[in-house]
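The structure appears below as structure tokens.
Number of protein chains: 2
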Amino acid sequence: MPPTELEFFMQRVRKSVQQQADSFFNAQHLAAVNLDQAVRYSVFNGGKRIRPALCYASCLAFGGHWQHADMPALAIELIHCYSLVHDDLPCMDDDDLRRGQPTCHRQFNEAIALLAGDTLQAMAFHALALAPLEVSLRVATMDVLATAARDMAAGQTLDLDAEGTPITLEQLESIHRLKTGALIRASLEMGALAAGVTDPKSLASLQRYGSLLGLAFQVQDDVLDVIGNAHTLGKSVGADERMGKATYPSIMGLAQAQQLSHDLHAQALTELHTMEADTQMLLQLTDYLISRDR
Amino acid sequence: MPPTELEFFMQRVRKSVQQQADSFFNAQHLAAVNLDQAVRYSVFNGGKRIRPALCYASCLAFGGHWQHADMPALAIELIHCYSLVHDDLPCMDDDDLRRGQPTCHRQFNEAIALLAGDTLQAMAFHALALAPLEVSLRVATMDVLATAARDMAAGQTLDLDAEGTPITLEQLESIHRLKTGALIRASLEMGALAAGVTDPKSLASLQRYGSLLGLAFQVQDDVLDVIGNAHTLGKSVGADERMGKATYPSIMGLAQAQQLSHDLHAQALTELHTMEADTQMLLQLTDYLISRDR
């Protein structure tokens, strides 16, 4: 069976991120060899590049060229990778494996993993400073990315605070909105900015769509943890419940959570349909992300 | 005795950083209360604000207004503070005290300290994105700061790598040039950029001066560790030797190290005298930083 349009797009995204990251790291000439290795190890790890995909698709939807989104997409992925490296550290989730490979601090050591995460964050902003975009657009993307990086850390903190204590649906939503939603919204917004979009109406619509998509993605993730297939999900089913983690099914029940995921998906598509943009790839990505692994 | 011109200047710098940081943190509305507390704890800790002072002095030297340097100076200090918080973590220097107070991870916990450092770095770039400077100057300061943040992490890595192994003078210099020199050079360069300076000659001269100042500062720090007064230095004399740390006196001998500090000081002043700028405050700062606590 030939690859679908979406598969072609995702292949192109993954190839672009790989190439952009590689030439960017080469040009950065990191003075410490092991730090350079740890930085590359953390980025070239078979990641799905979902956030870059949203950035490229958003840029194309608003009439931008593929290359316009190269640096913004790279910057977003570097922030995402840094957050994974730091999240895996012993003082956080203390994970030994990511995508079946040793986590950065297991492969190197804790100090190098800490510094690799720090370096990736600095490099993300550097990529935007050097992006071949009009300076005002570079500054606008930096504002969006810095806001998202800050909110992500705040969401991570709220998530840690909530461990082992009962939380409300509002609190759970607020955690996800910051912890994962912020970077998803930023990916879409930065793609549009890279295409030169600056009108508040389009950016607000993208933010609403991004919020719905991020939330739907998370609810679906929680649902899959209960009903999913351990093989396709890449983690063991029921892990959330065993860890006593608050999830949508644990708070509102499985049937209601499935209904919520369905409703958010529909609302996200409706928001896309109202946009004055060529959103067909964003539509396909939405279906792919929310319906994945069913 | 009335305060000297330098003391007045340093008081103004400290007050500015305090005020700018406070209003910036208020405007950021960090969603996690304990993260907000940890961020403020790490910045409002009685720091000397040496890097902001260099940034303001450089901006004024090239005819800029004080306010032009507000956000660049704040951004530099946020990067400096994040690096201290992460350096103090158990996987790095494992320090319990900083300036006589519990380090961030001792006051809060390791996870919060990690996230506070991460947040401070994101906020540094955010401060520059929001700076009331022409967009091209904002981008230029971001490029300089991101480069320095990257080099600082690389220097930290080289420093860790060198622990317990004999290193050459060239290696020691390379570590310091990255670990502490990069941010000192960036402070000067960002101050000049904030004043609107973009000619490569002035920026190159500032970089040379910054390199000499950073190195002189470090050599002097090492010398003071051998001959200094524990009270004025704020740490115990001989600490470097007890920890087996490579220093200028340990590699080249005390007398030679004192001579090197003196020579670098003189060279830094010469470089300042050749600049087409009103460098009198930078001259005073140079004397203060290199001759401090003798």
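Chains P and D supply the protein sequences, listed in that same order.
Going letter by letter, the first sequence gives residues 1 to 294 in this note's numbering.
Going letter by letter, the second sequence gives residues 1001 to 1294 in this note's numbering.
For glycine and all other residues, C-beta sits at the position ideal for the given N, C-alpha and C.
Chain order gives no chain D residues near Ser42 of chain P, where near means a beta carbon separation below 9 Å; the closest approach is about 13 Å. Here Gln101 of chain P is bridged, per DSSP, to P:Arg98. Contact between the region 1073-1092 of chain D and the region 1198-1208 of chain D is absent, with fewer than three C-beta pairs closer than 8 Å. When secondary structure is reduced to three states using DSSP, Phe125 of chain P falls in the helix class. Annotation for Leu1169 of chain D: Ile1251, Met1252 place their beta carbon closer than 7 Å to its own, counting only its chain and skipping 5 residues before and after. Shown here, Val1197 of chain D sits in coil according to DSSP, grouped into three states, outside any helix or strand.
Following the DSSP letters along the chain, one finds Ile1167 of chain D in no alpha helix (DSSP H), marked with neither H nor E. Assignment of Met1243 of chain D by DSSP, reduced to helix, strand and coil, places it in the coil class.
Shown in chain order are the members of the region 97-114 of chain P whose Cβ falls below 9 Å from a Cβ of chain D: His105, Asn109, Glu110, Ala111, Ile112, Ala113, Leu114. The Cβ of His86 of chain P sits closer than 8 Å to at least one Cβ of chain D. Taking a C-beta cut-off of 7 Å against chain P, none of the residues of the region 1053-1085 of chain D qualify. Proximity of the region 1115-1130 of chain D to the region 1049-1065 of chain D falls short of the contact definition, fewer than three beta-carbon pairs being nearer than 8 Å. Nearest to Val17 of chain P by C-alpha distance, out of P:Pro3, P:Phe9, P:Ala73, P:Ala38, is P:Ala73.
Taking the Cα positions, Leu203 of chain P is about 39 Å away from Leu1054 of chain D.
Taking 8 Å as the upper bound for CB-CB distance, Leu1120 of chain D and Leu1193 of chain D are not in contact here, some 21 Å apart. Contact residues of the region 172-198 of chain P toward chain D are Leu178 (C-beta to C-beta distance below 7 Å). Around the C-beta of Met1071 of chain D, 16 or more other C-beta atoms lie within 10 Å, and the residue is accordingly described as buried. Buried is the label assigned to Asp1087 of chain D, since at least 16 other Cβ atoms lie within 10 Å of its Cβ. Residue environment: Val85 of chain P is assigned as buried (16 or more neighbouring CB atoms within 10 Å of its CB, all protein chains considered). Shown here, Asn26 of chain P sits in a helix according to DSSP, grouped into three states. The region 1151-1165 of chain D makes no contact with the region 1038-1046 of chain D, as fewer than three CB pairs between them are under 8 Å.
Residue nearest to Leu1158 of chain D within the set P:Pro90, P:Leu89, P:Glu271, P:Ala111 is P:Ala111 (criterion: CA-CA distance). The C-alpha of Leu1264 of chain D lies about 13 Å from the C-alpha of Tyr1248 of chain D. Exclusion of the five residues before and after Gln256 of chain P leaves no residue of its chain whose Cβ lies closer than 7 Å to its Cβ. Sequence-distant Cβ neighbours of Gln267 of chain P in its own chain, meaning closer than 6 Å and more than five residues away, are Leu212. The residue from D:Lys1245, D:Leu1282, D:Gln1101 with its alpha-carbon nearest to that of Pro1052 of chain D is D:Leu1282. Sixteen is the threshold: when 16 or more other Cβ atoms of the shown chains lie within 10 Å of the Cβ of His1105 of chain D, as they do, the residue is buried. In the structure shown, Arg49 of chain P falls within a coil segment according to DSSP collapsed to helix, strand and coil. For Phe1125 of chain D, the C-beta contacts it makes with chain P under 7 Å involve Phe125, Met142, Ala146, in order along the chain. The three-state secondary structure of His65 of chain P, taken from DSSP, is coil. If you ignore the 5 residues before and after Gly1164 of chain D, its C-beta comes within less than 8 Å of the C-beta of Gly1244, all in its own chain and listed in chain order. The beta-carbon of Val17 of chain P is placed no less than 8 Å from the nearest beta-carbon of chain D.
For Pro1072 of chain D, the enclosing alpha helix (DSSP H) starts and ends at 1070-1088. Taking a contact as a CB-CB distance under 8 Å, the pair His1126 of chain D and Ala146 of chain P counts as one, their CB atoms being some 4 Å apart. The distance from the Cβ of Val223 of chain P to that of Ser261 of chain P is about 6 Å, consistent with a contact at the 8 Å cut-off. With a 10 Å radius around the Cβ and a threshold of 16 neighbouring Cβ atoms, Gln1020 of chain D comes out buried.
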